[in-house]
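Chemist: Those letters in the sequence shown? Residues 0 to 200, by numbering that gives the first Met the number 0. Note that the Cβ used here is the ideal one computed from N, Cα and C, for glycine as well.
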Amino acid sequence: MLLSRSLGRKVIATGTAAVAFAFLYEVTILDSRYAARQAELREATAPPSPGARLRFTATAYCRGTTTASGVNVRNGIAAADPDLLPVGSVIQVERLGERYNGIYTVMDTGPAVQGRHIDIYMWNCNEARYEFGRRNAGITVLRLGWNPRASTPRLVDRLFRQREAAQPADPAPRAAPDATPAVAPAESVPALKTVSKEPGS
0 MLLSRSLGRK VIATGTAAVA FAFLYEVTIL DSRYAARQAE LREATAPPSP GARLRFTATA
60 YCRGTTTASG VNVRNGIAAA DPDLLPVGSV IQVERLGERY NGIYTVMDTG PAVQGRHIDI
120 YMWNCNEARY EFGRRNAGIT VLRLGWNPRA STPRLVDRLF RQREAAQPAD PAPRAAPDAT
180 PAVAPAESVP ALKTVSKEPG S
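#1: For Tyr103, write down the residues that DSSP places opposite it in a beta bridge.
#2: Thinking C-beta only, is Phe55 closer than 7 Å to Ile119?
#3: What did DSSP end up calling Thr56 once you bin it into helix, strand or coil?
#4: Identify which residue in Pro85, Arg133, Arg142, Cys61 has its Cα closest to the Cα of Leu95.
#5: Could you tell me the boundaries of the beta strand (DSSP E) in which Gly69 lies?
#6: The beta strand (DSSP E) spanning Gly137 covers which residue range?
#7: Hey, quick one: how far does the beta strand (DSSP E) through Ala77 stretch, first residue to last?
#8: Alpha carbon to alpha carbon, what distance is there between Arg160 and Val112?
#9: Evaluate Ala59 with the Cβ neighbour count: other Cβ atoms within 10 Å of its Cβ, from every protein chain shown; 16 or more gives buried, anything less gives exposed.
#10: Expressed to the nearest angstrom, what Euclidean distance is found between the alpha-carbon atoms of Glu130 and Pro46?
#11: So for Thr44, helix, strand or coil by DSSP?
#12: Would you mind giving the Cβ-Cβ distance between Gly144 and Pro85, rounded to the nearest angstrom? I have them listed as a contact below 8 Å.
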């Protein structure tokens, strides 16, 4: 009612609404940029865990016949730092291109593979060295392998140990009764007579 009577009020209301909309839009953009930055930071620094999406550097190798885990080399095997991705870890690799994206099993390690770096096995050395080179990769951890140095006792083991610790200690074992047979006194044992036979008797 008030707006319909005054052109100035209409202009002020429209301007206020436009400024409020622009302000809300900017806040939303800033929030989405902050969320994207946080997601990138998580991918770059978060420790590997099942379901985690991480950023790694990917290279390829072609030498060797047996991996550190003892299995023969083949397609679908990758090498990684065992402190981040222990042997037996299964990862889904993306951002490498359609030909190389896929699921890999970490079965190898190496002194050159440290930190957030995976090394993918390929049969063709020319392809590994010259075509693939070094690329940025995104990985999703599907399963973490077993690292004996990083493992902790399982819940069942901890419960059994707590139960054993709560039980009272066994009392000291009793001394076994003396099993040596009683020896009769010397007087009660009759003396044996020695009989000597003379020849011809």
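Modeler: Based on what the coordinates show:
#1: Ile90
#2: no
#3: strand
#4: Arg133
#5: Segment: none, Gly69 is in no beta strand (DSSP E) and carries neither H nor E.
#6: 134–142
#7: 76–79
#8: 38 Å
#9: buried
#10: 30 Å
#11: helix
#12: 4 Å
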